[in-house]
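Position one of the sequence shown corresponds to residue 3 (this note's numbering), numbered consecutively onward. For glycine and all other residues, C-beta sits at the position ideal for the given N, C-alpha and C.
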Amino acid sequence: MTTLADHVPGGRPGDVERATALSGELSGRGVHGIVLAYVDTAGIGRVKAIPTARLASAAAWGVGMSPVFDTFLANDTIVATDVLGSPDGDLRLYPDLDQLVVLAGQPGWAWAPVDRITQEGEPHPACGRTVLRRIVTEAAERHGVTFKAAVEIEWAVGRGDAPDGAFVPAVSGPAYGATRQVELSDCVADLLAALAAQGVDVDQVHPEYAAGQFEISVGALDPVAAADRSVLVRQTIRAVTRRHGLKVSFAPAVFARGVGNGGHIHLSAWRDGVNLHTGGDRRYGMTSAAESFAAGVLAHLPGLMAVTAPSPASCLRLKPSQWAGVFTAWGRETREAALRVITGTAGVREHAANLEVKPVDLAANPYVALACLIAAGLDGLVSEASLPEETTGDPARLDAAQAAARGVHRLPTSLERAVEEFRGDERLRAALGPVLADAVIAVRRGELAAVAGMDDEQVAAAYRWAY
Ligand code: GLU
Ligand code: MG
3 MTTLADHVPG
13 GRPGDVERAT
23 ALSGELSGRG
33 VHGIVLAYVD
43 TAGIGRVKAI
53 PTARLASAAA
63 WGVGMSPVFD
73 TFLANDTIVA
83 TDVLGSPDGD
93 LRLYPDLDQL
103 VVLAGQPGWA
113 WAPVDRITQE
123 GEPHPACGRT
133 VLRRIVTEAA
143 ERHGVTFKAA
153 VEIEWAVGRG
163 DAPDGAFVPA
173 VSGPAYGATR
183 QVELSDCVAD
193 LLAALAAQGV
203 DVDQVHPEYA
213 AGQFEISVGA
223 LDPVAAADRS
233 VLVRQTIRAV
243 TRRHGLKVSF
253 APAVFARGVG
263 NGGHIHLSAW
273 RDGVNLHTGG
283 DRRYGMTSAA
293 ESFAAGVLAH
303 LPGLMAVTAP
313 SPASCLRLKP
323 SQWAGVFTAW
333 GRETREAALR
343 VITGTAGVRE
353 HAANLEVKPV
363 DLAANPYVAL
373 ACLIAAGLDG
383 LVSEASLPEE
393 TTGDPARLDA
403 AQAAARGVHR
413 LPTSLERAVE
423 EFRGDERLRA
433 ALGPVLADAV
443 IAVRRGELAA
453 VAGMDDEQVA
463 AAYRWAY
């Protein structure tokens, strides 16, 4: 469970004592350094690191880092908003001790996600992790609703000796193929061992569809912890795979053609410990609250794309009939609809029923994406929105009249369009607050300018190894 209180200069009550004890324990376990991790607006994981002995100091006073990274692009150039992008200023990174883990794939290292606060002790308005925590807290206080979430992770494994930026798949067997599983046997076994040692409960791991592609699904947690986990799992996949001499890409589109890497988000709303997605009187056992929540997400999907599929490479993945969910549609276990209503199997529905959001990839900042998804769902909840007719099969096959009757539209086919939708979506912008919302818009526009004139293959290559 994520601690909800903000960090304060000097440390929250008990944090410094806890960090002191923890650093002694970690040193005894051969941990020399601690990676302090966050994700920037462009979806790039950024880090600082401290020697283990500095943990108590970091818990009290944080570790300095420039706020300029809020407007970094994936290629490390910098854009600006009215308040961000300047070389001035400093932020303090505060490790979340509840989420600190010893990295099994990187001997000698531990890892912790951070919140960022100002030197005056205020939450930094562009800290996506803090924004998500606020939204989760408000949902509990105002609506009595809590959430569980999980981010699915797809990645492509490439040969470490491929020339200059090229991707050469490290395995050659078919999708879901036994051959491919054997080819990467040692590496995936090491990955499972590392994740188990780090306390990550894995549901399943398998070879996926695209060249060299694999997928892992992990257990659901509260939204902040789920976002942390998605960052940690990627760090672990990268580290373990590298020890086998291979490279990984989490990019939405490793190549311009074919199936990409998704980062589908599973989300469920709960009240008083009861899952709202089952046991109700609406379709497939949804309660009215769960239906309204899903309807809210569906209604805001066009604007959500600016935070769930935020890279110029994202649009290369978002093609019909590739299970990326590119239509505003929902359906039970429909893998082509943007929203897949998952009832779970009879017998486990109280735990398993949830909503899967498909047009999400791993260029997304998971904190920001979850914050906006929850805000969108709550908007539906408050307005008691209803879902339209269900879509079964591939929405690409609906004729115009059928699509109109169900409100099925193609989601934005360009990042430019998604940014315009986001700009026009006051609810989403308000959820992030003006500083972060402006950063999202500025960074997306910066990314678009960075790829101006490139063809699709060049765009895929530009982001292939960024994520
Ligand atoms: N690779 C697909 C995507 O781009 C997802 C496949 C699946 O449903 O697991 O989202
Ligand atoms: Mg998959």
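For Val41, which option in Gly16, Ala463, Arg231 has the closest C-alpha, if you only look at C-alpha atoms? Measuring from the Cα of Val41, the nearest candidate turns out to be Arg231.
Going by DSSP, which residues form a beta bridge with Ala152? Its beta-bridge partners are His268.
Per DSSP, the bridge partner or partners of Gln215: According to DSSP, Gln215 bridges with Ala158.
Can you tell which of Ser316, Gln460, Asn77 has its C-alpha closest to the C-alpha of Arg419? For the options Ser316, Gln460, Asn77, the alpha carbon positioned closest to that of Arg419 is the one of Ser316.
Give a single yes or no on whether Gly45 has its beta carbon closer than 7 Å to a heavy atom of the ligand GLU. The beta carbon of Gly45 sits no closer than 7 Å to any heavy atom of the ligand GLU.
Out of curiosity, what's the CA-to-CA distance linking Val133 and Ile119? A straight line joining the alpha-carbon of Val133 with that of Ile119 spans about 12 Å.
Answer yes or no: do Gly275 and Gly281 have a C-beta to C-beta separation smaller than 8 Å? Judged by beta-carbon spacing, Gly281 lies beyond the 8 Å limit of Gly275, meaning their Cβ atoms are not closer than that value.
Is the distance from the Cβ of Gly35 to the Cβ of Pro53 below 8 Å? For Gly35 and Pro53, yes; Cβs fall inside 8 Å.
Residue of Arg244, Leu28, Ala23, Ala451 minimising C-alpha distance to Gly160: Minimum Cα distance to Gly160 is reached at Arg244.
Contact the stretch 248-268 vs the stretch 354-367: 3+ CB pairs below 8 Å: Cβ pair count under 8 Å is three or more, so yes.
Could you check whether the Cβ of Gly260 sits closer than 7 Å to any heavy atom belonging to the ligand GLU? In this structure, the C-beta of Gly260 stays at least 7 Å away from each heavy atom of the ligand GLU.
Distance cut-off 7 Å: Gln324 Cβ against heavy atoms of the ligand GLU: Because some heavy atom of the ligand GLU lies under 7 Å away, the Cβ of Gln324 counts as near it: yes.
So what does DSSP say about Met67, is it helix, strand or coil? Three-state result, Met67: strand.
What residue range is occupied by the uninterrupted beta strand (DSSP E) comprising Arg334? Run containing Arg334: 329-334, per the beta strand (DSSP E) assignment.
Look at the alpha carbon of Ala151 and the alpha carbon of Leu186, and state the distance between them as a whole number of angstroms. The alpha-carbon atoms of Ala151 and Leu186 are separated by roughly 28 Å.
Quick one: residues in its chain with C-beta nearer than 7 Å to the C-beta of Val410, no 5 flanking neighbours on either side, listed in chain order? Closer than 7 Å at Cβ, skipping near neighbours: Phe329, Thr330, Ala331, Thr393, Pro397, Leu400.
Using C-beta distances below 6 Å, list every residue in its chain close to Ser294, excluding the 5 sequence neighbours before and after it, in chain order. Cβ within range, chain order: Gly382, Leu383, Glu386, Ala387.
Taking the Cβ atom as the reference point for each residue, do Val147 and Ala271 lie within a distance shorter than 8 Å? In contact: Val147 and Ala271 (Cβ atoms closer than 8 Å).
From this set, Thr345, Arg236, Leu194, Leu300, which residue's C-alpha is nearest Pro390's C-alpha? In terms of CA proximity to Pro390, Leu300 leads the group Thr345, Arg236, Leu194, Leu300.
Between Ala371 and Ala7, what straight-line distance do the alpha-carbon atoms span, to the nearest angstrom? Roughly 21 Å between the two C-alpha positions.
Who are the Cβ neighbours of Ala196 in its own chain at under 7 Å, not counting the five residues just before and after it? Excluding positions up to five away in sequence, the list reads Ala106, Gly107, Thr238, Val242.
Per-residue DSSP class, three states only, for Phe257: Here Phe257 sits in coil by DSSP.
Along the alpha helix (DSSP H) that carries Arg244, what are the first and last residues, could you check? It spans 225-244 - the alpha helix (DSSP H) in which Arg244 sits, taken as one unbroken run.
Could you spell out the range, first to last residue, of the alpha helix (DSSP H) harbouring Pro368? 368-384 is the span of the alpha helix (DSSP H), which, as asked, contains Pro368.
Would you say Glu156 and Glu210 are within 8 Å of each other, going by their C-beta atoms? The Cβ atoms of Glu156 and Glu210 sit closer than 8 Å to each other.
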